[in-house]
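Contents: one structure, followed by commentary.
Residue numbers (the numbering used here), protein chains in the order written: chain A, 1 to 289; chain B, 1 to 572.
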């Protein structure tokens with residue numbers, strides 16, 4: 001049997017995981033030395049309270065999982081004779097998967113016949129969620145791990161995500177955005193437009209002054225780069241600003257004649273630690289990233 | 001020709017001579033010119049406040065007197081480094097000092113007047129009145145060339161009229177005294193005519209401040225000619241030149257920035273042989289090895305040095321191997337009150353980069369904002385305290401870049417920046433003529449430094465500043481009516497450009513009405529910069545009101561801590 005795994009950095013909640021028959025690995029963050037594992041022990045997570053703390057000036061850190069965490073997650077399934085399909089956030093953004101590789105090396109010794117099929121979404125949050133949903137459709141349609149891995153080879157690069165956030169200090173603190181020019185202030189209305197590159201990294205592709213222009217940039221990017229956008233999922237992610245997400249959705253519908261199937265989805269706190277509150281982004285089917 | 005006297009002795013002797021002989025003189029010598037310059041500077045120093053107050057706007061930001069005084073004072077100070085006492089040498093050193101020390105538009109124009117005079121007097125030992133008048137006329141041409149769009153009714157007109165009038169009345173019976181009287185008479189008349197030429201002056205009921213400053217200088221110079229001493233203590237700088245804040249370097253402070261070390265070194269024949277053939281690169285190499293931000297140039301046997309170092313003693317000992325010091329100034333840069341404020345990395349060795357950015361701002365918050373936006377250096381200054389060309393040159397020297405982009409952020413600073421660019425040759429300097437901090441913010445925040453071609457970078461910046469509107473709220477210090485708005489002293493006025501939109505006894509009300517007048521709701525962003533006088537809780541309340549009034553506009557509040565302008569509203 002093939003067991004389906006994902007992690008909380010793909011914006012999957014325990015409730016959704018249960019619906020899709022999926023195991024959820026919690027990706028932790030820490031604030032002032034105190035580590036939180038979202039959705040590990042509870043179904044609920046107060047995102048609004050979390051982002052409000054960030055608004056109040058708190059800068060969280062994220063951390064990699066240990067080898068043992070992966071052993072604990074995977075071994076029981078291998079022991080039962082199951083294989084695993086793991087749709088996860090970008091390898092290029094974390095050291096977590098080095099721990100996973102070490103755990104898998106151990107497990108291969110013990111269970112040589114077992115296999116982990118891996119889909120690197122080359123992204124985090126909204127784009128990872130979208131690709132996760134696509135993979136879940138295939139999984140539930142009975143596709144094998146090998147088939148899904150082969151699908152992902154091309155499919156992952158056909159999803160693009162562009163986003164912006166209010167305050168650059170979170171990006172700066174996380175250090176995970178490349179090409180973030182020095183000529184950008186924090187809280188000065190300047191918004192870098194960031195996308196998930198084909199290498200699975202957050203890369204700044206320019207900047208806009210003010211939310212209105214930044215929003216317009218996202219919409220025109222979807223138009224220019226989109227490929228059969230109306231025939232695929234469109235997911236808008238936001239860090240505790242549903243009204244901005246709705247505004248973006250309205251603008252997109254306006255541009256695409258109301259034909260889009262848009263889902264609004266909050267960004268998980270661990271990914272949100274990188275971009276801070278009041279960020280909004282869109283994932284869509286594209287010619288390329 | 002009668003009463004032909006050549007003044008070749010210093011002014012001490014001169015003042016002991018009979019008054020009549022000086023006044024009847026027909027030739028100007030170097031020492032006389034030097035004495036007149038010092039007296040001109042002293043007289044302006046005594047009257048600078050009066051000149052400052054000749055302000056079109058009813059707020060206490062007038063600084064023409066200060067700017068012109070600091071400019072001519074730099075010229076007077078540079079007289080010490082004159083290579084000789086010929087008229088040409090004295091004029092050249094005064095002009096050099098003024099070019100570097102120039103502040104504000106009037107200061108720059110003043111420095112160019114004296115530069116023009118000095119060019120015409122090159123190699124002249126002493127000059128008859130016709131030569132003097134030709135030199136003064138060359139000053140007119142040079143000053144007009146310095147400004148891209150000369151405005152009549154300013155110092156330019158006043159000076160031009162005086163030179164033309166006095167020149168036309170020159171004949172063989174003319175004396176220094178009669179020439180001076182003609183010059184000053186027309187200078188005063190022309191100054192009185194400036195409100196006829198400039199509407200803003202007429203409306204504000206003042207004469208042109210730059211012209212008035214020049215009159216002070218000319219009156220001082222005439223007094224020297226008459227052997228009258230300047231008003232006692234007049235030359236002592238007041239007010240603005242406050243001492244350093246010693247509390248900024250405590251018992252536990254660490255020496256991070258080192259010492260700003262400046263000196264004039266006279267090369268000694270006994271130490272270096274012929275000073276004329278001395279290879280200056282020896283000194284430059286020494287300085288580059290021992291300090292940073294080195295600016296070093298020579299004028300004959302005098303070497304002028306500016307260097308940042310943590311061990312000034314080492315440099316002084318080394319330099320003494322070449323000569324002796326004429327002047328010496330060493331300041332702990334942590335205490336430096338004015339000058340440039342750059343990031344902490346500013347004074348460490350940095351690799352050369354393609355572009356550097358210099359901005360101008362006053363107020364700790366504004367400086368911080370510009371550093372956040374990626375500026376390499378922020379020159380202290382702005383409204384009411386304009387930086388000098390030398391301040392810019394120093395900032396340029398701190399930046400290791402091929403092209404330096406300069407954002408003056410004030411209409412009265414652009415010319416100074418241009419002058420500094422002409423004086424600096426270790427990088428290409430491009431001036432983006434931003435007239436307000438709002439334009440500076442717009443231009444710098446949207447800068448794209450990826451193009452190799454600076455032309456393209458500058459074009460992008462100029463596009464970015466085209467749509468920005470900057471409004472100001474300031475306390476009024478006198479009664480006036482401008483553009484139909486009656487201004488009461490003590491009230492707060494809201495203005496943008498030359499237009500006063502509102503007068504209100506309440507600061508917040510003035511800001512709210514100004515936002516309305518500027519149609520804040522049509523803009524994406526309203527950046528509200530709270531000044532030094534605006535209390536924190538008041539500015540928070542104002543932000544909240546503006547947010548409610550303009551729900552579609554992002555209202556961002558930062559403390560700029562700027563003087564004069566209690567609020568700056570930047571709309572984009």
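Cβ atoms here follow ideal geometry from the backbone N, Cα and C, with glycine treated the same way.
Is DSSP giving residue i helix, strand or coil here?
{"i": "residue 290 of chain A", "result": "A question about residue 290 of chain A goes unanswered here, because the residues of chain A that appear run from 1 up to 289."}
{"i": "residue 15 of chain A", "result": "helix"}
{"i": "residue 209 of chain A", "result": "strand"}
{"i": "residue 151 of chain A", "result": "helix"}
{"i": "residue 227 of chain A", "result": "coil"}
{"i": "residue 339 of chain B", "result": "Confidence in residue 339 of chain B is poor, its pLDDT being 41 and thus under 50, which makes the residue's placement too unreliable to answer from."}
{"i": "residue 216 of chain B", "result": "helix"}
{"i": "residue 288 of chain B", "result": "helix"}
{"i": "residue 61 of chain A", "result": "strand"}
{"i": "residue 39 of chain B", "result": "helix"}
{"i": "residue 327 of chain B", "result": "strand"}
{"i": "residue 179 of chain B", "result": "helix"}
{"i": "residue 27 of chain A", "result": "coil"}
{"i": "residue 153 of chain B", "result": "coil"}
{"i": "residue 148 of chain B", "result": "coil"}
{"i": "residue 442 of chain B", "result": "helix"}
What residues in its chain sit with their C-beta under 8 Å from that of residue i, if we drop five residues either side in the sequence?
{"i": "residue 96 of chain A", "result": "27, 64 and 65"}
{"i": "residue 99 of chain A", "result": "64, 65, 66, 67, 69 and 70"}
Suppose contacts are defined by Cβ-Cβ distances below 9 Å. Is residue i in contact with residue j by that definition?
{"i": "residue 30 of chain B", "j": "residue 95 of chain B", "result": "no"}
{"i": "residue 20 of chain A", "j": "residue 4 of chain A", "result": "yes"}
{"i": "residue 193 of chain A", "j": "residue 208 of chain A", "result": "yes"}
{"i": "residue 178 of chain A", "j": "residue 201 of chain A", "result": "yes"}
{"i": "residue 88 of chain B", "j": "residue 51 of chain B", "result": "no"}
{"i": "residue 571 of chain B", "j": "residue 525 of chain B", "result": "yes"}
{"i": "residue 198 of chain A", "j": "residue 22 of chain A", "result": "no"}
{"i": "residue 333 of chain B", "j": "residue 315 of chain B", "result": "no"}
{"i": "residue 542 of chain B", "j": "residue 471 of chain B", "result": "no"}
{"i": "residue 210 of chain B", "j": "residue 110 of chain B", "result": "yes"}
{"i": "residue 129 of chain A", "j": "residue 276 of chain A", "result": "no"}
{"i": "residue 367 of chain B", "j": "residue 361 of chain B", "result": "yes"}
{"i": "residue 157 of chain A", "j": "residue 114 of chain A", "result": "no"}
{"i": "residue 445 of chain B", "j": "residue 417 of chain B", "result": "no"}
State the Cα-Cα distance for the pair residue i and residue j, rounded to the nearest angstrom.
{"i": "residue 358 of chain B", "j": "residue 408 of chain B", "result": "8 Å"}
{"i": "residue 329 of chain B", "j": "residue 259 of chain B", "result": "10 Å"}
{"i": "residue 274 of chain A", "j": "residue 174 of chain A", "result": "5 Å"}
{"i": "residue 206 of chain A", "j": "residue 227 of chain A", "result": "22 Å"}
{"i": "residue 195 of chain B", "j": "residue 186 of chain B", "result": "15 Å"}
{"i": "residue 213 of chain B", "j": "residue 70 of chain B", "result": "12 Å"}
{"i": "residue 491 of chain B", "j": "residue 437 of chain B", "result": "23 Å"}
{"i": "residue 560 of chain B", "j": "residue 91 of chain A", "result": "42 Å"}
{"i": "residue 56 of chain A", "j": "residue 557 of chain B", "result": "15 Å"}
{"i": "residue 484 of chain B", "j": "residue 521 of chain B", "result": "25 Å"}
{"i": "residue 62 of chain B", "j": "residue 116 of chain B", "result": "27 Å"}
{"i": "residue 215 of chain A", "j": "residue 53 of chain B", "result": "48 Å"}
{"i": "residue 128 of chain B", "j": "residue 172 of chain B", "result": "11 Å"}
{"i": "residue 188 of chain B", "j": "residue 38 of chain B", "result": "21 Å"}
{"i": "residue 165 of chain B", "j": "residue 138 of chain B", "result": "15 Å"}
So, for residue i: in the same chain, excluding its five sequence neighbours on each side, which residues have a beta-carbon less than 7 Å away from its beta-carbon?
{"i": "residue 221 of chain A", "result": "162"}
{"i": "residue 500 of chain B", "result": "482, 483, 485, 487 and 493"}
{"i": "residue 176 of chain A", "result": "93, 202 and 274"}
{"i": "residue 78 of chain B", "result": "93, 94, 96 and 97"}
{"i": "residue 414 of chain B", "result": "408, 431 and 433"}
Considering only residues of the same chain and omitting the five flanking positions on each side of residue i, which have a CB-CB separation below 6 Å?
{"i": "residue 61 of chain A", "result": "30"}
{"i": "residue 2 of chain B", "result": "Because residue 2 of chain B carries a pLDDT of 30, less than 50, the predicted location of this residue cannot be relied on, and the following value inherits that uncertainty. If we look at residue 2 of chain B and ignore the five residues flanking it on each side, it has no Cβ neighbours."}
{"i": "residue 272 of chain A", "result": "239"}
Listing by chain order, which chain E residues have their CB less than 9 Å from the CB of residue i?
{"i": "residue 209 of chain A", "result": "Given the protein chain composition of this structure (A and B), no chain E is represented."}
- Query: Going along the chain, which residues of the segment 518 to 542 of chain B sit with their C-beta nearer than 7 Å to a C-beta in chain A?
  - Reply: Using a CB distance below 7 Å, the part of the segment 518 to 542 of chain B facing chain A consists of 524, 525 and 527, ordered along the chain.
- Query: In chain order, what residues of the segment 212 to 229 of chain A put their CB closer than 7 Å to some CB of chain B?
  - Reply: Those residues of the segment 212 to 229 of chain A placed with their C-beta closer than 7 Å to a C-beta in chain B are 212 and 213, ordered along the chain.
- Compile a chain-ordered list of the residues in the segment 357 to 373 of chain B whose CB is closer than 7 Å to at least one CB of chain A. 369, 372 and 373
- Query: Which residues, in order along the segment 40 to 72 of chain A, keep a beta-carbon less than 7 Å from a beta-carbon of chain B?
  - Reply: none
- Of the residues that make up the segment 440 to 457 of chain B, which ones have a beta carbon closer than 7 Å to any beta carbon in chain A? 444, 445, 446, 447 and 449
- Contact list for the segment 543 to 554 of chain B against chain A, Cβ threshold 7 Å: Hits within the stretch, in order: 554.
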